[in-house]
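A.B. asks:
4 protein chains.
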Amino acid sequence: MDTKLKSLKEEVYRANMMLVEHGLVTGTFGNVSGIDRKSGTIAIKPSGVDYKRLSSSDIVLIGMDENIIGSGLNPSSDTRTHLELYKAFQGIGGVAHTHSRFATAWSQAKRPIPCFGTTHADCFRGEIPCTGIISDEDIKKDYEAGTGRLIIDTFKGRDYQDMKAVIVACHGPFSWGDDAKDAAGTSVLLEEIAHSAFLSRLLDPSLDNIKKSLLEKHYLRKHGKDAYYGQGKEK
Amino acid sequence: MDTKLKSLKEEVYRANMMLVEHGLVTGTFGNVSGIDRKSGTIAIKPSGVDYKRLSSSDIVLIGMDENIIGSGLNPSSDTRTHLELYKAFQGIGGVAHTHSRFATAWSQAKRPIPCFGTTHADCFRGEIPCTGIISDEDIKKDYEAGTGRLIIDTFKGRDYQDMKAVIVACHGPFSWGDDAKDAAGTSVLLEEIAHSAFLSRLLDPSLDNIKKSLLEKHYLRKHGKDAYYGQGKEK
Amino acid sequence: MDTKLKSLKEEVYRANMMLVEHGLVTGTFGNVSGIDRKSGTIAIKPSGVDYKRLSSSDIVLIGMDENIIGSGLNPSSDTRTHLELYKAFQGIGGVAHTHSRFATAWSQAKRPIPCFGTTHADCFRGEIPCTGIISDEDIKKDYEAGTGRLIIDTFKGRDYQDMKAVIVACHGPFSWGDDAKDAAGTSVLLEEIAHSAFLSRLLDPSLDNIKKSLLEKHYLRKHGKDAYYGQGKEK
Amino acid sequence: MDTKLKSLKEEVYRANMMLVEHGLVTGTFGNVSGIDRKSGTIAIKPSGVDYKRLSSSDIVLIGMDENIIGSGLNPSSDTRTHLELYKAFQGIGGVAHTHSRFATAWSQAKRPIPCFGTTHADCFRGEIPCTGIISDEDIKKDYEAGTGRLIIDTFKGRDYQDMKAVIVACHGPFSWGDDAKDAAGTSVLLEEIAHSAFLSRLLDPSLDNIKKSLLEKHYLRKHGKDAYYGQGKEK
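Now the structure itself:
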């Protein structure tokens with residue numbers, strides 16, 4: 002196999018294990034993928050495999066045409082959702098999906114995650130959008146691709162680069178980024194802000210988003226050309 | 002001892018330890034059993050033994066007639082509840098009972114656990130039923146068998162194969178499956194969905210179950226003849 | 002030093018460390034003691050010592066007259082509360098005090114912990130009583146002994162042997178038992194039932210105690226002459 | 002480098018790692034600093050560096066004039082907040098800032114953390130104040146120094162020595178102390194009391210602060226000239 006694809010599999014394997022290390026996983030839930038844009042190849046977690054037994058060689062390679070490359074395991078049942086996102090969001094290199102507890106709680110409540118503080122604003126430019134509920138037609142016809150389209154519809158008129166996560170109503174969170182690791186890292190941050198937003202909401206059910214000036218200040222302190230957080234090269 | 006029964010004891014031991022590994026246990030609470038249907042022999046955790054000191058040789062073998070096979074420790078005080086379930090649900094091979102925190106919280110609130118999302122629907126076909134409160138007559142006469150009958154009554158007109166768990170009012174959850182490991186694994190998933198349903202309920206006290214089409218889609222994606230989740234042979 | 006007292010120190014040391022192992026401790030909060038009734042000697046955690054640096058030789062021996070035996074560290078600032086309990090509850094051999102999170106939350110809310118389920122009933126015969134608020138007079142005069150008297154007042158007309166814990170209003174839980182280990186173990190169980198009672202209360206703010214017949218059944222299944230839980234000799 | 006500054010870096014490194022050990026950190030959030038008052042040198046965590054890769058040599062030295070001493074990484078983006086605190090609170094030797102979950106939840110709810118019990122009173126003399134929301138002017142002009150001024154304004158007429166923490170509205174907690182370790186230790190205690198205050202608030206939304214006599218008793222049992230908690234020399 003191509004060295005590039007082999008290292009993509011390794012990277013995707015590690016990103017999947019990040020979910021476990023950060024406590025975002027129960028059972029076999031969750032999946033992370035990465036894409037090699039040049040060859041149009043996606044590497045993704047196999048379906049229903051226990052994380053404890055997962056190795057980088059189990060990661061499945063698949064083309065944009067959904068053909069599995071080489072022999073191997075079945076890819077994640079959510080693969081078509083990932084594919085839709087890669088097609089619509091051309092600038093991304095990785096996608097993560099989890100059933101992490103607090104992000105899922107907000108998804109199940111069918112509510113966007115409000116931006117109650119600067120921790121949130123450091124990572125996401127405003128409240129985390131929540132999709133509508135998937136239509137019965139999409140459920141019947143092509144459920145996983147339909148989930149992808151639902152996300153893409155939610156992002157009409159929105160920049161997917163400054164809001165790298167969404168919660169799918171009645172389901173759970175998806176996130177994306179420059180690569181698989183970045184996407185998984187965003188899932189970790191999303192769970193953290195979902196948790197503290199939950200707590201703040203309970204303390205004050207009428208609590209509102211922080212003011213825009215504060216949101217913008219924190220977001221732009223870390224992102225974009227005038228960012229001054231961090232060590233420059235590293236994100 | 003029969004090799005088959007020896008390996009049943011080993012399997013039941015491991016399933017009991019799964020409860021500990023997943024943080025479902027405080028003190029000596031909880032018990033998992035498995036059955037060898039051919040010989041009608043049940044292997045179950047001994048009563049009140051610390052999990053730290055438990056070994057597979059401590060697992061108690063008992064016949065359907067409640068006679069202990071060989072010398073050994075006293076079986077779990079909940080043994081009769083397990084027996085009732087094995088008699089009524091002929092297709093099951095394992096039973097697990099825990100006092101896991103969130104499933105117990107719903108049990109104590111005497112409410113079924115609603116199906117708020119696809120994580121739940123992946124595992125259970127609808128809301129997790131809650132039994133009625135055990136009658137004073139059953140408390141006095143034969144409490145543990147009465148608890149079993151309470152569960153069986155709750156499943157009248159219901160398929161125990163697509164709803165492998167129940168919460169007993171004022172008490173806690175029971176689950177079952179093909180074998181002891183499967184039953185314990187269902188307890189782990191139950192606790193997870195009990196947790197996120199709790200969180201969603203707090204975010205929106207009027208939240209309702211997800212629509213049936215979405216429930217069925219997710220449940221049947223993983224279960225039954227048209228399932229396409231996983232790697233085929235493995236569950 | 003007397004072998005008996007040396008082993009008492011060792012036992013009290015281990016009981017204190019149990020609090021840490023079960024996650025009941027932040028900082029230097031919490032203290033467990035044990036008593037040798039024959040010589041009237043109490044062994045107790047020293048005041049304000051980090052659990053990480055604690056060893057069995059640091060455990061302080063003190064007489065019922067409050068004199069420190071041998072050279073050593075200052076005893077826990079709560080020592081007089083322990084002394085009052087040992088004097089009033091002649092059948093106990095150990096006392097534990099923690100600031101464990103959920104038991105403390107109920108204490109701060111100045112409410113008894115209701116008995117919402119059989120997990121609770123397995124351990125405590127009814128709701129965990131909450132003391133009144135300590136009087137300004139007792140705060141000024143002899144605060145720690147006053148806390149002990151507050152607990153003893155709360156137990157007037159009650160059997161301290163079937164309710165081995167209390168929560169002190171605005172403060173936190175105390176528990177006791179046959180020895181230091183037993184008292185610490187009760188603290189662990191208390192925190193667990195405080196946690197699930199909290200969760201059930203949030204699910205249903207109007208939730209009431211379980212019925213008496215069920216409480217009695219579970220309590221007496223484990224305690225007293227007709228108990229049939231466990232392996233007989235062991236508790 | 003000066004031995005004193007080298008050991009300051011080591012001390013500040015360890016204090017930063019304390020935040021991780023106590024579970025107060027997600028991602029690269031949080032920063033602790035320490036000051037050498039004689040030379041006017043501050044040692045602080047570098048900006049955006051993963052705690053896993055952090056070593057004591059990465060700790061940045063900076064003068065009160067904000068000049069970095071020696072070559073090195075960029076200091077924490079919150080450095081100016083620390084500087085303001087060191088200038089205003091001349092008796093402190095360390096500052097810690099975290100995004101710990103429960104303290105942040107209260108910050109986001111823009112509410113002081115009430116003093117519901119003696120655990121709180123042992124550590125802080127009354128409710129933990131919450132700042133106002135930073136003005137748009139300060140956001141634009143000099144955000145991080147503005148955050149420092151906001152804290153200092155909140156402490157007008159208050160003693161920063163018996164209230165070593167604050168929560169910044171819409172942001173999170175800051176704490177301080179005799180040195181970096183002490184400041185980080187206060188963050189750990191703050192998170193604990195933020196957690197149990199949250200739980201008590203949910204049990205009783207109308208709950209009020211404990212009475213002053215009890216607050217003073219507990220605070221002064223541990224602090225000031227008449228303190229009798231602990232072993233004398235050690236805090």
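Chains as they are written, first to last, in our numbering: chain L, 2 to 236; chain E, 2 to 236; chain D, 2 to 236; chain Y, 2 to 236. Beta carbons are placed, not taken as given, at the ideal position from N, Cα and C, and that holds for glycine.
1) Alpha carbons only, please: which of E:107, E:14, E:22 is nearest the one belonging to residue 205 of chain D?
2) For the alpha helix (DSSP H) that residue 297 of chain Y lies in, which residues bound it at each end?
3) Is it a yes or a no for the stretch 215-223 of chain L touching the stretch 112-130 of chain L, going by three-plus beta-carbon pairs under 8 Å?
4) Closer than 8 Å, CB to CB, is residue 187 of chain E near chain L or not?
5) Residue 48 of chain D CB to nearest chain E CB: under 8 Å?
6) Answer with buried or exposed for residue 164 of chain L, where buried requires no fewer than 16 other C-beta atoms within 10 angstroms of its C-beta.
7) How would you write the range of the beta strand (DSSP E) that residue 98 of chain Y sits in, first residue to last?
8) Indicate the three-state DSSP secondary structure (helix, strand or coil) for residue 199 of chain D in the structure shown.
9) Mapping the DSSP letters down to three states, classify residue 84 of chain L as helix, strand or coil.
10) Who are the neighbours of residue 106 of chain Y on chain L, taking C-beta pairs under 7 Å?
11) Which parts of the stretch 124-157 of chain L are runs of the alpha helix (DSSP H), unbroken and 4 residues or longer, counting only runs that do not cross its ends?
12) Check whether the stretch 165-182 of chain D touches the stretch 81-93 of chain D, taking contact to mean three or more Cβ pairs, one atom from each stretch, closer than 8 Å.
13) Is residue 33 of chain E buried or exposed, if buried means 16 or more other CB atoms sit within 10 Å of its CB?
14) Put residue 170 of chain Y into one of helix, strand or coil per three-state DSSP.
15) DSSP state of residue 175 of chain Y, grouped into three classes?
16) Could you compute how far the alpha carbon of residue 9 of chain D sits from the alpha carbon of residue 184 of chain D?
17) Out of E:53, E:195, E:142, state which residue places its alpha-carbon closest to the alpha-carbon of residue 115 of chain E.
18) Which residues, taken in chain order from the stretch 102-133 of chain Y, show a beta carbon closer than 9 Å to some beta carbon of chain L?
19) Under a three-way DSSP split, which group does residue 186 of chain E fall into?
20) Helix, strand or coil for residue 211 of chain E? Go by DSSP, reduced to three states.
21) Going straight from the alpha carbon of residue 38 of chain E to that of residue 6 of chain E, what length do you get?
22) Please classify residue 191 of chain Y: does DSSP put it in a helix, a strand, or coil?
23) Identify the continuous alpha helix (DSSP H) that holds residue 106 of chain D and give its terminal residues.
24) Out of L:127, L:126, L:162, L:170, point me to the one whose CA is closest to residue 249 of chain L's CA.
25) Relative to the C-alpha of residue 181 of chain Y, which residue among Y:134, Y:54, Y:60, Y:104 is closest?
26) Using a Cβ cut-off of 8 Å (strictly closer), state whether residue 214 of chain E contacts chain L.
27) Does the Cβ of residue 27 of chain Y have 16 or more other Cβ atoms within 10 Å, making it buried, or fewer, making it exposed?
28) Looking at C-alpha atoms only, which residue of D:69, D:109, D:49, D:95 is the closest neighbour of residue 12 of chain D?
29) When you compare only the Cα positions, how much space is there between residue 53 of chain L and residue 105 of chain L?
30) Exposed or buried, which one is residue 4 of chain D when buried takes at least 16 other CB atoms within 10 Å?
31) How far does the beta strand (DSSP E) with residue 44 of chain E in it extend, from its first residue to its last?
32) For residue 48 of chain Y, I'd like the list of residues in its chain whose CB is within less than 6 Å of its CB, leaving aside the five on either flank, ordered along the chain.
33) So, using beta-carbon positions, are residue 162 of chain E and residue 50 of chain L closer together than 8 Å?
34) For chain E, find out if any of its Cβ atoms is closer than 8 Å to the Cβ of residue 71 of chain L; answer yes or no.
35) Do you know offhand how far residue 144 of chain Y's Cα is from residue 103 of chain E's?
36) According to a CB-to-CB cut-off of less than 9 Å, which residues of the stretch 216-228 of chain Y neighbour chain D?
C.D. replies: On the basis of the data shown:
1) Within the third sequence, numbered from 1, the residue matching residue 205 of chain D stands at position 204. Considering only alpha carbons, the answer is E:107.
2) Beyond the ends of chain Y as shown, which are 2 and 236, falls residue 297 of chain Y; an answer cannot be given.
3) Yes: at least three Cβ pairs fall under 8 Å.
4) Translated into positions along the second sequence, residue 187 of chain E becomes position 186. It does not; no Cβ of chain L falls within 8 Å.
5) Translated into positions along the third sequence, residue 48 of chain D becomes position 47. Output row for residue 48 of chain D: interface = no.
6) Your numbering for residue 164 of chain L matches position 163 in the first sequence. Buried, because 16 or more other Cβ atoms sit within 10 Å of the Cβ of residue 164 of chain L.
7) Within the fourth sequence, residue 98 of chain Y is the residue found at index 97, counting from 1. Secondary structure note for residue 98 of chain Y: its beta strand (DSSP E) is the uninterrupted segment 95-98.
8) On the third sequence, residue 199 of chain D is found 198 positions in, with the first residue counted as 1. Helix at residue 199 of chain D.
9) Counting from one through the first sequence, the residue named residue 84 of chain L turns up at place 83. Helix.
10) Counted from its first residue, the fourth sequence places residue 106 of chain Y at position 105. Near residue 106 of chain Y (Cβ distances below 7 Å), the residues of chain L are 197, 200, 201, 204.
11) 137-155
12) yes
13) One-based indexing of the second sequence puts residue 33 of chain E at position 32. Flag for residue 33 of chain E reads buried.
14) Here residue 170 of chain Y corresponds to residue number 169 of the fourth sequence, with the count starting at 1. Here residue 170 of chain Y sits in coil by DSSP.
15) Translated into the one-based positions of the fourth sequence, residue 175 of chain Y becomes position 174. Reduced to three states, the DSSP call for residue 175 of chain Y is strand.
16) Residue numbering aside, residue 9 of chain D sits at position 8 when the third sequence is read from its first letter. Residue numbering aside, residue 184 of chain D sits at position 183 when the third sequence is read from its first letter. When rounded, the distance between both Cα atoms is 14 Å.
17) On the second sequence, residue 115 of chain E is found 114 positions in, with the first residue counted as 1. Of the candidates E:53, E:195, E:142, the one whose C-alpha sits nearest the C-alpha of residue 115 of chain E is E:195.
18) 102, 103, 105, 106, 107, 108, 109, 110, 111, 112
19) Numbered from 1 along the second sequence, position 185 holds the residue referred to as residue 186 of chain E. Three-state DSSP puts residue 186 of chain E in a helix.
20) Within the second sequence, numbered from 1, the residue matching residue 211 of chain E stands at position 210. It is coil, neither helix nor strand.
21) Position 37 of the second sequence, counted from the start, is the residue given in the question as residue 38 of chain E. Position 5 of the second sequence, counted from the start, is the residue given in the question as residue 6 of chain E. Each residue's Cα considered, the two are about 11 Å apart.
22) Against the fourth sequence, residue 191 of chain Y aligns to sequence position 190. Helix at residue 191 of chain Y.
23) Along the third sequence, one-based indexing puts residue 106 of chain D at 105. Residue 106 of chain D -> alpha helix (DSSP H) spans 102-109.
24) Summary: the structure shown does not reach residue 249 of chain L, with chain L confined to residues 2 through 236, and so no result is reported for it.
25) Taking the first residue of the fourth sequence as position 1, residue 181 of chain Y is located at position 180. The shortest Cα separation from residue 181 of chain Y among Y:134, Y:54, Y:60, Y:104 belongs to Y:60.
26) Counting from 1 along the second sequence, the entry for residue 214 of chain E is found at position 213. Yes, residue 214 of chain E lies at the interface with chain L (some Cβ there is under 8 Å from its Cβ).
27) Within the fourth sequence, numbered from 1, the residue matching residue 27 of chain Y stands at position 26. The residue in question, residue 27 of chain Y, is buried, as its Cβ has 16 or more Cβ neighbours within 10 Å.
28) For the purposes of this step, residue 12 of chain D is identified with residue 11 of the third sequence, where counting begins at 1. Comparing Cα positions, the closest option is D:95.
29) Residue 53 of chain L sits at position 52 when you count from the first residue of the first sequence. Residue 105 of chain L sits at position 104 when you count from the first residue of the first sequence. Computed Cα separation, rounded: 23 Å.
30) Sequence index remark: in the third sequence, residue 4 of chain D carries index 3 (1-based). Under the 10 Å beta carbon count, residue 4 of chain D is surrounded by fewer than 16 other beta carbons and is classified as exposed.
31) The sequence position of residue 44 of chain E within the second sequence is 43, counting from 1. Per DSSP, residue 44 of chain E belongs to the beta strand (DSSP E) from 42-45.
32) Here residue 48 of chain Y refers to the residue found at position 47 of the fourth sequence. Excluding sequence neighbours, residue 48 of chain Y sits near 75, 77, 78.
33) As a position in the second sequence, residue 162 of chain E is number 161, starting the count at 1. As a position in the first sequence, residue 50 of chain L is number 49, starting the count at 1. Going by C-beta atoms, residue 162 of chain E is not nearer than 8 Å to residue 50 of chain L.
34) To locate residue 71 of chain L, count along the first sequence from 1; it is residue 70. Chain E, which has no Cβ nearer than 8 Å to the Cβ of residue 71 of chain L, makes this no.
35) Taking the fourth sequence and counting its residues from 1, the one referred to as residue 144 of chain Y is at position 143. Taking the second sequence and counting its residues from 1, the one referred to as residue 103 of chain E is at position 102. C-alpha separation (whole angstroms): 43 Å.
36) 217, 218, 219, 222, 223
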